[in-house]
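Participant:
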Amino acid sequence: MMIHEITEKTGKYKARKRIGRGRGSGTGKTSGRGHKGAGSRSGYSRRPAFEGGQMPYFRRIPKRGFSNAAFRTEYHIVNVAALQNCFEAGANVDAAALVEAGLIRNTKLPVKVLAHGDITIKLNVTADKFSGSATSKIETAGGSVTIVEPKKKWTRDYSGGDKAKAPKVAAKTPKAPEVSETTAPETNDESTD
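Per the working numbering, the sequence shown starts with residue 148, numbered consecutively.
(1) What runs of the beta strand (DSSP E), each 3 residues or longer, lie entirely inside the region 236 to 264?
(2) So, under 8 angstroms CB-CB, leucine 270 and glycine 290 are touching, yes? Tell me the CB distance rounded to an integer number of Å.
(3) With distances taken between CB atoms, is the gap from leucine 222 to leucine 256 smaller than 8 angstroms?
(4) Answer with yes or no whether the minimum CB distance from arginine 219 to chain C is below 8 angstroms.
(5) Valine 272: buried (16+ other C-beta within 10 angstroms of its C-beta) or exposed?
(6) Relative to the C-alpha of phenylalanine 197, which candidate in Gly190, Arg206 and Gly181 has its C-alpha closest?
(7) With a threshold of 16 other CB atoms inside 10 Å of the CB of valine 295, please say whether the residue is buried or exposed.
(8) If you follow the beta strand (DSSP E) that serine 280 is in, where does it begin and where does it stop?
(9) In three-state DSSP terms, what is isoleucine 294?
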């Protein structure tokens with residue numbers, strides 16, 4: 148028996164739990180809240196996985212391994228069938244046009260075009276990424292594919308960039324050799340008588 152066969156017999160919606168309707172109902176008097184304490188008061192709430200102040204389970208277990216999931220690139224996904232339905236032949240399709248057509252929510256994320264469906268009209272599509280099948284389908288229909296150059300990711304400049312001060316080194320010029328004036332050798336010309 149499958150779940151959809153059960154709902155056909157029992158009904159799609161579950162009946163509301165009626166509380167505070169006498170002891171015989173099983174949820175009378177305290178209405179399933181127990182006696183006293185913060186949990187019995189209105190307005191009480193606690194965050195998920197709170198364990199009363201003890202060290203929570205996810206902090207007790209060891210952390211091992213590494214995942215690149217936090218560094219993945221999220222895309223707005225558009226299929227060629229949607230382009231066929233929302234644009235006329237010869238149109239220029241880019242992120243702004245997709246927002247106007249209601250195919251994507253905004254231009255904050257890059258756009259990726261996938262090949263689900265068929266396209267028979269000529270479109271000039273500009274996006275951040277295309278699947279191989281989508282590229283071939285668009286070009287077979289006579290259109291063109293333009294890939295947006297990715298934005299340069301910010302990287303920390305550890306060298307200090309322009310603000311780095313180069314060490315001051317006094318320019319040393321080679322000293323010219325000192326030229327001394329040549330003096331004629333002294334000669335002892337003693338005249339003899």
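Every residue, glycine too, gets a C-beta built ideally from N, C-alpha and C.
Facilitator: According to the data block:
(1) 258 to 261
(2) Within the sequence shown, the letter at position 123 stands for residue 270. Within the sequence shown, the letter at position 143 stands for residue 290. Right, the Cβ-Cβ distance comes to about 4 angstroms (below 8 angstroms), so this counts as a contact.
(3) For the purposes of this step, residue 222 is taken as the residue at position 75 of the sequence shown. For the purposes of this step, residue 256 is taken as the residue at position 109 of the sequence shown. Note that residue 222 corresponds to tyrosine in the displayed sequence, not to leucine. Yes, the pair counts as a contact, with Cβ atoms nearer than the cut-off.
(4) Annotation note: the requested chain C is absent from the structure, which comprises a single protein chain.
(5) Residue 272 sits at position 125 when you count from the first residue of the sequence shown. Buried.
(6) Here the question's residue 197 lines up with position 50 in the sequence shown. Residue Arg206 is the option with its Cα nearest to phenylalanine 197.
(7) Position 148 of the sequence shown, counting from 1, holds the residue named residue 295. It counts as exposed.
(8) On the sequence shown, residue 280 is found 133 positions in, with the first residue counted as 1. Run containing serine 280: none in the beta strand (DSSP E); it sits in the alpha helix (DSSP H), 279 to 287.
(9) For the purposes of this step, residue 294 is taken as the residue at position 147 of the sequence shown. Strand.
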